[in-house]
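Student: One structure coming up, written as structure tokens, with questions to follow.
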Amino acid sequence: MFHLQEIRREATKKSTIISSWVKTGIYPLNPSVVLDRMVNPLSSLSLEVAERDLPGYITPGCSSNHSSDDNDDSACEEVGVYSQEVHHSTRRNGGILMMSSIPLRVIWNDVNTPELNLRQIKQYEDYVAFCIECSISSGMPLTPSVLYVHNKVRKAHTTLALNGITAT
Numbered sequence: 001m002f003h004l005q006e007i008r009r010e011a012t013k014k015s016t017i018i019s020s021w022v023k024t025g026i027y028p029l030n031p032s033v034v035l036d037r038m039v040n041p042l043s044s045l046s047l048e049v050a051e052r053d054l055p056g057y058i059t060p061g062c063s064s065n066h067s068s069d070d071n072d073d074s075a076c077e078e079v080g081v082y083s084q085e086v087h088h089s090t091r092r093n094g095g096i097l098m099m100s101s102i103p104l105r106v107i108w109n110d111v112n113t114p115e116l117n118l119r120q121i122k123q124y125e126d127y128v129a130f131c132i133e134c135s136i137s138s139g140m141p142l143t144p145s146v147l148y149v150h151n152k153v154r155k156a157h158t159t160l161a162l163n164g165i166t167a168t
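Numbering (full-length UniProt numbering), first residue to last: 1 to 168.
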């Protein structure tokens, strides 16, 4: 316990805090230091690439439950219908269709929970991992709903492992 108190005492010294603030440009306020260190995530892309074409791009105005603009209703409905086609079971192949391109917005409330079927769960898991990877690579921050789905996938793995389904 003494060591933790010693670390806390050393790390919270005024000189240590001000020194780190000076290095970041926060104290004394020097925005040019901060702006010089900022990196534009799109700077490595050529000018021909539109932001819309990047993986993980979400059209403004569409949400999982409703749209704020009346003009965007058709676009949101198309995404909802397509995402349902992608994620719901089909009779043709007995599984879910998988996308090979940019993931679309999914209405997670409409997605059925997969049965305890390893193949179907793996397809959902691959899709969620693909969405997270595209979000990270495009520089878009992860939303709470994406993190929620990611945590659900992790908990499902734990449940399956405890039930012995994943054991070989």
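Just so it is clear, CB atoms sit at the ideal spot from N, CA and C, and this is done for glycine as well.
#1: Taking only the alpha-carbon atoms, compute the straight-line gap between residue 153 and residue 125 and give it to the nearest angstrom.
#2: Among 121, 28 and 134, whose alpha-carbon lies nearest the alpha-carbon of residue 170?
#3: Quick one: grab the DSSP three-state call for residue 162.
#4: Looking at the structure shown, is residue 143 part of a helix, part of a strand, or coil, going by DSSP?
#5: Beta-carbon within less than 6 Å of residue 142's beta-carbon, same chain only, minus the 5 sequence neighbours each way: which residues are those?
#6: At the level of alpha carbons, what is the spacing between residue 32 and residue 130?
#7: To the nearest angstrom, report how far apart residue 155 and residue 17 are at their CA atoms.
#8: For residue 150 versus residue 128, is the C-beta spacing smaller than 8 Å?
#9: Distance, Cα to Cα, residue 9 vs residue 26?
#10: In chain order, what residues of the same chain have a beta carbon less than 7 Å from the beta carbon of residue 6, not counting five sequence neighbours either side?
Tutor: Concretely, from the data shown:
#1: A straight line joining the alpha-carbon of residue 153 with that of residue 125 spans about 7 Å.
#2: There is simply no residue 170 to check, as the chain begins at 1 and stops at 168 in what is shown.
#3: Three-state result, residue 162: helix.
#4: In this structure, residue 143 counts as coil in the three-state DSSP scheme.
#5: Closer than 6 Å at the Cβ level, and outside the excluded window around residue 142, lie 135.
#6: Approximately 37 Å between the Cα atoms of the pair.
#7: Near 39 Å, if we compare the C-alpha coordinates of residue 17 and residue 155.
#8: Their beta carbons are under 8 Å apart, which means residue 150 touches residue 128 by this criterion.
#9: In this structure, the straight-line span from the alpha carbon of residue 9 to that of residue 26 is close to 22 Å.
#10: None.
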